[in-house]
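Structure, as structure tokens:
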Amino acid sequence: MAANTPRLEHLNPKELLSFEGLSQVVRAQSGSTVYLAGQAPFNPSFELLGGDDFKAQATATLKNVAAAVNAAGGSPADVVSSTVYIKGLCGARSGQFFEAMAQALDGMPFPAHAFSIIGVAELGASEQLIEISSIAVIPA
2 MAANTPRLEH LNPKELLSFE GLSQVVRAQS GSTVYLAGQA PFNPSFELLG
52 GDDFKAQATA TLKNVAAAVN AAGGSPADVV SSTVYIKGLC GARSGQFFEA
102 MAQALDGMPF PAHAFSIIGV AELGASEQLI EISSIAVIPA
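For the sequence shown, our numbering assigns the number 2 to the initial residue and increments by one for each residue that follows.
Below you can see the structure in the form of structure tokens.
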């Protein structure tokens, strides 16, 4: 592979919805695939981060996704796909999720990638409002 060839190609076909923060298609040219367990808004002591504030929980969860991919030797830019589970999904919570993505990494946006948002009735802990399961491709 040529040195100037991008490792990840982000595609947004003109026939599909396109907006900042989302890549409809991500093609990995090379690297090692890493599967991240569902990340939630908890610290290592299983204390809830963000209280009952959905945007704060979403921000904490995205930071945990970043920590997980960093532990695998990558960075948030290596995340190619996520499934986002939101308790009580509604338009307001979707909007707050995108607000959290825009500033989740110490004021910087979580990189665009392919993802789906799915509404659920409950998650693993009763006070938990969001969980994100991701796939990353780490440079070889």
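From the three backbone atoms N, C-alpha and C, an ideal C-beta is built for every residue, glycine too.
Does residue i come out as helix, strand or coil in the three-state DSSP assignment?
i, result
"Ser95", "helix"
"Gln58", "helix"
"Ala68", "helix"
"Leu49", "strand"
"Leu63", "helix"
"Arg8", "coil"
"Ala29", "strand"
For the candidate residues the options, whose alpha-carbon lies nearest to that of residue i?
i, options, result
"Glu100", "Arg8, Gly22, Ala68 and Pro14", "Gly22"
"Thr60", "Ile119, Gly89, Ser95 and Ser46", "Ser95"
"His11", "Pro110, Ala38, Asp79 and Ala73", "Asp79"
"Leu124", "Gln40, Lys15 and Thr34", "Gln40"
"Lys15", "Leu9, Glu132 and Ser24", "Ser24"
"Ala67", "Ile131, Phe111 and Val121", "Phe111"
Taking 6 Å as the cut-off, is the beta-carbon of residue i closer than that to any non-hydrogen atom of the ligand NAP?
i, result
"Ser82", "Among the ligands in the structure shown, none appear at all, so the ligand NAP cannot be discussed."
What do you reckon, are the CB atoms on residue i and residue j nearer than 7 Å?
i, j, result
"Gln97", "Lys56", "yes"
"Val26", "His114", "no"
"Ser76", "Phe116", "no"
"Ile139", "Ser33", "yes"
Between the C-alpha atoms of residue i and residue j, what's the straight-line distance to the nearest angstrom?
i, j, result
"Ser31", "Asn13", "20 Å"
"Ser134", "Asp53", "21 Å"
"Leu37", "Gly108", "23 Å"
"Pro42", "Gly74", "22 Å"
"Phe47", "Thr62", "13 Å"
"Gln104", "Glu128", "23 Å"
"Val1", "Val85", "Any question about residue 1 goes unanswered here, given that the chain covers just 2 to 141."
- Return the chain-ordered ranges of every beta strand (DSSP E) run that is complete within the region 76 to 138 and spans a minimum of 3 residues. 80 to 88 and 115 to 121
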